[in-house]
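Heads up, the thing below is written out as C-alpha cells.
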Amino acid sequence: MHASIGDLIRFHSNTVETQDRHGEILEVRGPNGAPPYLVKFSDDHEALIYPGPDSIIEPQRRARHS
Numbered sequence: 031m032h033a034s035i036g037d038l039i040r041f042h043s044n045t046v047e048t049q050d051r052h053g054e055i056l057e058v059r060g061p062n063g064a065p066p067y068l069v070k071f072s073d074d075h076e077a078l079i080y081p082g083p084d085s086i087i088e089p090q091r092r093a094r095h096s
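Quick note, in the working numbering, the sequence shown goes up one by one and the last residue is 96.
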C-alpha cells in the first residue's frame, strides 16, 4: 500500500451494522509512502493506522501544471 499526505483512506465495514469509515492522511510515517499513517477521521478523531485488506487509498487530486 502506498499513500501521500492529503490522500483519503476508506475502511470498509465487515458487518451490516457498522458504517464504512474514512479519513484524510495527515502524515506518512513509513518509507516511500508505506504505513503507518496518521489519519484524521470525519469525526475529527486522529489515529495512527496500519491499514488492512479492507481499506483503500483514494489519491488526492493533484493540480495539473501546463
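Note that the Cβ used here is the ideal one computed from N, Cα and C, for glycine as well.
- When secondary structure is reduced to three states using DSSP, G63 falls in the helix class.
- Counting other Cβ atoms within 10 Å of its Cβ, A64 stays below 16 and is therefore classed as exposed.
- For the pair G53 and D84, the Cα-to-Cα distance works out to about 14 angstroms.
- With a 10 Å radius around the Cβ and a threshold of 16 neighbouring Cβ atoms, A33 comes out buried.
- Collapsing the DSSP output to three states places A33 in coil.
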